[in-house]
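Numbering (our numbering), first residue to last: 556 to 739. Down below is the structure, laid out as structure tokens.
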Amino acid sequence: MRSVKKDMRRSGWPRILRREYVSRDCRMYGRRGKESLLVIREVTEPLSVHDAGEDVLVVEKDYAWVQIALEGLPFWLTAMYDNQGRLLQIYFDITGGNRFDDPDNPWFEDLYLDIVVNSRGELYVLDQDELDEALAAGEITKEAHEQAEAACGRLYAYLEEKREVVAALCGRVYRELGEQASLQ
């Protein structure tokens with residue numbers, strides 16, 4: 556199985572030249588986890604993503620990412636903010652598990668599927684084709700494929716009802732951790 560690991564500091568991402576990172580333990584829905592704020596201070600180049608018919612800049616100088624990972628859940632939340640503190644999108648990676656063996660820098664195994672809640676509140680799934688291709692290429696098992704689809708379906712159904720609650724949670728974490736990270 557091909558394993559793509561991503562950590563909370565995004566330390567393996569050469570696009571980010573300088574960053575500020577603050578994190579804290581959290582407890583939500585009866586689960587322990589970690590919340591963080593990654594403030595991107597300098598980049599090699601900006602990054603835009605295609606979002607429902609338009610390009611949205613998600614990585615640039617002084618942009619910030621809130622990340623929340625909880626033990627025992629098959630997803631990882633990343634909320635992206637511009638340098639004015641406007642929410643750009645909330646992005647959920649479907650994971651093969653969130654790992655906390657390094658308590659200051661948790662990581663996850665990416666299982667291809669992603670869910671996006673954009674700034675207009677629209678909800679959509681990305682990369683079903685990548686998940687299917689990984690199965691066909693033998694990079695993941697049929698069981699992992701089914702687990703990813705089931706997790707995506709459950710999270711999507713939750714977000715259809717609770718996306719505003721999730722956005723409010725991200726905003727609270729952004730403000731609280733932003734005080735520690737000296738946001739502009």
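Every residue, glycine too, gets a C-beta built ideally from N, C-alpha and C.
{"Query": "Mark Ala-619 as exposed unless 16 or more other C-beta atoms lie within 10 angstroms of its C-beta, in which case mark it buried.", "Result": "buried"}
{"Query": "Quick check: the segment 663-677 against the segment 690-703, are at least 3 beta-carbon pairs closer than 8 Å?", "Result": "yes"}
{"Query": "Measure the C-alpha to C-alpha separation of Gln-735 and Arg-564 and round it to an integer number of angstroms.", "Result": "16 Å"}
{"Query": "Per DSSP, which residues does Ala-634 bridge with? Please list them.", "Result": "Val-621, Ile-645"}
{"Query": "From Arg-718 to Glu-694, what distance separates their C-alpha atoms?", "Result": "32 Å"}
{"Query": "Buried or exposed: which applies to Pro-661, given that a residue is buried once 16 or more other Cβ atoms fall within 10 Å of its Cβ?", "Result": "buried"}
{"Query": "Jot down the residue ranges of each uninterrupted beta strand (DSSP E) in the segment 567-614, minimum 3 residues, whole runs only, in chain order.", "Result": "571-583, 586-598, 602-606, 609-614"}
{"Query": "Between the C-alpha atoms of Arg-593 and Tyr-636, what's the straight-line distance to the nearest angstrom?", "Result": "Looking at the sequence provided, one finds Leu at residue 593 rather than Arg. Spanning the two alpha carbons is a distance of roughly 10 Å."}
{"Query": "Given this structure, state the Cα-to-Cα distance separating Phe-655 from Gly-567, to the nearest angstrom.", "Result": "17 Å"}
{"Query": "Taking the continuous beta strand (DSSP E) assigned at Glu-664, which residues delimit it?", "Result": "662-673"}
{"Query": "Rounded to whole angstroms, how far is the Cβ of Arg-570 from the Cβ of Leu-602, which I believe are closer than 8 Å?", "Result": "7 Å"}
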